[in-house]
Ligand SMILES: Cc1ncc(C[n+]2csc(CCOP(=O)(O)OP(=O)(O)O)c2C)c(N)n1
Ligand SMILES: [Mg+2]
């Protein structure tokens, strides 16, 4: 299939020049490259500008609550393991409101791919600090500048032992779409944190700002994402140089394999019309 | 009146009251008698004071008595604490040599529980089995039934442990021949081949029957044993049972599973349901079915973690921001718990809405001998477009406007088209909209139109003894059994009762018709503000003349209810 075949019909409600457009293009490319039909993909999102993305793609979409995309995605995947499930979420959605789900989704390791549009700001609510906003950044709420240290989601994910941790830049459509393909192919939970300029509310972390700083970890041919110590050190970098690419991976068994779910027919294929209760009744007699 | 005995085993948490009680239940049922058992326990793992009470009868019984014929206490403190609960001709059996017991005027029977356990098994651990042995002997339950009960409870444990407990119980059974008799010997009835389950197990079994294949929850008393039961049967029935990181995750996972095409359920107690309320609203907006059990306990906040109350009625019918349809069921007994679980799945699926099952600690934890449910009494209905016809669907719109308000729900990947579900206000296609006309149309569809169909499928209130009744008791949920028995027992007035097993949509018409000529209506509920009473007034304009409310965290016994009825009549 071609990326245009994944073009949705809903008019786009993002600001002109938004970093989200690059992510949208990369998602469509990746879905096309992966070769499945629109019916076989499910995009789950929460609320925010980022979370509108599934409406702009032709494939199944569940646009749920702010912060709660990950549980919905896991529930859907466990019910029908034949679906390819991706989450498109914001830095506020995923690391703020949904922070607890993020930690435990990494641990649960269900086979879903999570793309975080990390614009280091709450876009939809007009520019408050998010968990990843740089300290010192002034907003209408954080009037004297953010005093909290920013959360480094990539470092957190590596520390949690996440099996696939990547970072990308929304301008690098090709690199990002490759990472999405890799993330989907990874058999467990995959995180792709995407640096996404917000042209309306983040005048600091702009296209230029990111452009000057990003580099790919695989520029160094020695870099081995399976090496945890090196990955922790790369993941810890932020500021003058920002690493992108696959920062860390491991072969930990996904939930579906741990529980044997991957060998059984998907839950949705079960006939429920006449479930035999006799064994249970006998046991409880 | 049926001839009966009420027995209680009391002791500290960790002394094995629960196993002894369950063994006793199984023994009693094996002996061909009926029983109703409930638990009173504290929110702690060791120490304190817990009890397990079993009402043993020749006829089926559905609620507890206040006073016991026999109480056996595993330590002197418990003995003193429970002495006042022994009825007139009853006895308190305890180890007087272990410490001083303040029995008041109660007949105290000294029995060396701990010493016997120690001399037979080498440890005092088996004192609980000693207690089971003594109670069986004194109540006239045969020794073979006692053994059956113990073997059932210790099934799967190591042989040595089983053997120790059996030896302890047998010795106690022999020694207890010297104990006085309660003066009643119960005749075997037809109880033989019946199920012995509690309310939570009945709900879990109903859910499994209904085709629930995914269960996610966060532990919270008194809902946790639903999760235990689902986990216990997960292998056999191919269920996925996942402990979520919190209740918000639980309900959202369950919604994801339903959206993908499975049937799923979550449960908690009030606090967890409060956390789920945004998810309940999401189910309303996205028109995704969901089944949620609220096993109520006394609140606000953490309240009495292990006790009972019915104060979440208002929350259940209102929880979640905004306006959308829902159904709220309130099973009154184990049979209804099973049947209404199936119905909740059917209705949630059909109307694409949340179905809430409101129970409480009393129903959740009480055990009764029950006929094996008629699995065909409530047919399992599926309300998604089947896989076969899905292939032919073209130009699918998730929120198509229809006459019934119900848009046919397709399963992702079974149909060719993409499905868009959205928590924002949305178009028929499921895309975000800000259009005023669409909004009006969608609210109407979700709320008014669907409500018409749903209102035609309300569980009818159940009338008992209504003909010629001077007084009609009205209750919902777990008070069903106690109200009915009170009707039978209060002989100085003609008392009837009406039980509601569905409280939303409220059965306004049916209740009005049942009660419009009732001389006097009195609500019976386990809460302080009379939430059902308000609902009746709001929905039927009937005059509720009196209210019996109880909010001390304990269930009504039939004796207390009768006393309070008499005070009012
Ligand atoms: C429970 C709840 N709280 C708050 C909001 C308001 N809200 C909507 S989006 C958002 C923040 C979005 O930030 P982010 O996830 O970074 O997305 P962005 O708009 O930046 O893409 C907030 C606070 C909401 N919709 N729901
Ligand atoms: Mg953001």
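Chains as they are written, first to last, in the numbering used here: chain U, 1 to 285; chain W, 286 to 854. Don't be surprised by glycine CBs; every beta carbon is placed ideally from N, CA and C.
- Within the stretch 57 to 83 of chain U, contact with chain W at the beta-carbon level (separation under 7 Å) is assigned to 58, 59, 60, 61, 62, 63, 64, 65, 68, 71, 72, 73, 74, 75, 76, 78, 79, 80, 82, 83.
- Residues of chain W whose Cβ lies closer than 7 Å to the Cβ of residue 101 of chain U are, in chain order, 530, 534.
- Residue 500 of chain W: member of the beta strand (DSSP E) spanning 497 to 502, first to last residue.
- In terms of beta-carbon proximity, residue 186 of chain U stays away from the interface with chain W, with every pair separated by 7 Å or more.
- Judged by the Cβ position, residue 92 of chain U qualifies as a neighbour of ligand 1 at the 6 Å threshold, a heavy atom of the ligand being closer than this.
- Taken atom to atom, the span from the alpha-carbon of residue 760 of chain W to that of residue 846 of chain W is near 12 Å.
- With a beta-carbon spacing of about 4 Å, residue 500 of chain W and residue 515 of chain W fall inside the 8 Å limit used to define contacts.
- If you compare the alpha carbons of U:204, U:159, U:202 with that of residue 233 of chain U, the shortest gap goes to U:159.
- Proximity to residue 73 of chain U across U:126, U:139, U:112 peaks at U:112, based on C-alpha coordinates.
- Only those residues of the stretch 88 to 116 of chain U whose C-beta falls short of 7 Å from the nearest C-beta of chain W are listed: 100, 101, 104.
- Taking 3 residues as the shortest admissible run, the stretch 407 to 492 of chain W contains the following complete beta strand (DSSP E) segments, listed from N- to C-terminal end: 480 to 483.
- As the crow flies, the alpha-carbon of residue 668 of chain W is around 28 Å from that of residue 36 of chain U.
- A distance criterion of 6 Å places the beta-carbon of residue 119 of chain U in contact range of ligand 1, judged by its closest non-hydrogen atom.
- For residue 49 of chain U, the distance from the CB to the nearest heavy atom of ligand 1 is below 6 Å.
- Against chain U, the CB of residue 722 of chain W has no partner CB under 7 Å away; the residue lies outside that interface.
- Runs of the alpha helix (DSSP H) lying entirely within the stretch 127 to 204 of chain U and spanning at least 4 residues, in chain order: 153 to 159, 173 to 185.
- The beta carbons of residue 312 of chain W and residue 434 of chain W sit about 3 Å from each other, so the pair counts as a contact at 8 Å.
- Annotated three-state conformation of residue 332 of chain W is strand, per DSSP.
- Look at residue 695 of chain W here: in three-state DSSP terms it is coil, with no helix or strand label.
- Contact between the stretch 694 to 705 of chain W and the stretch 51 to 64 of chain U is established, with three or more Cβ pairs separated by less than 8 Å.
- Of all alpha-carbon atoms in U:193, U:47, U:32, the one lying nearest the alpha-carbon of residue 40 of chain U is that of U:32.
- Looking at the DSSP output, residue 789 of chain W shares a beta bridge with W:613.
- Distance from the CA atom of residue 555 of chain W to the CA atom of residue 582 of chain W, rounded to whole angstroms, is 7 Å.
- Residue contact check for residue 669 of chain W against chain U: no CB pair falls below 7 Å.
- Chain-order list of chain U residues neighbouring residue 842 of chain W: empty, with the shortest C-beta distance near 26 Å, by a criterion of under 7 Å.
- In the DSSP assignment, residue 321 of chain W falls outside any alpha helix (DSSP H) and within the unbroken beta strand (DSSP E) covering 319 to 325.
- By the rule that beta-carbons nearer than 7 Å mark a contact, residue 705 of chain W touches chain U.
- Short note on residue 130 of chain U: C-beta closer than 6 Å to some heavy atom of ligand 2.
- Excluding five sequence positions before and after residue 25 of chain U, the CB atoms of its chain that fall closer than 6 Å to its own CB belong to 173, given in chain order.
- At least one CB of chain U lies nearer than 7 Å to the CB of residue 701 of chain W.
- Residues of chain W whose Cβ lies closer than 9 Å to the Cβ of residue 24 of chain U do not exist; the shortest such Cβ separation is about 15 Å.
- An exposed status is given to residue 446 of chain W, since fewer than 16 other beta-carbon atoms sit within 10 Å of its beta-carbon.
- Secondary structure note for residue 581 of chain W: its beta strand (DSSP E) is the uninterrupted segment 575 to 581.
- With contact defined as three or more Cβ pairs closer than 8 Å, the stretch 149 to 158 of chain U and the stretch 189 to 197 of chain U are in contact.
- Annotation for residue 124 of chain U indicates a beta carbon within 6 Å of some heavy atom of ligand 1.
- Contact note: residue 563 of chain W reaches chain U through 65, using a C-beta cutoff of 7 Å and chain order.
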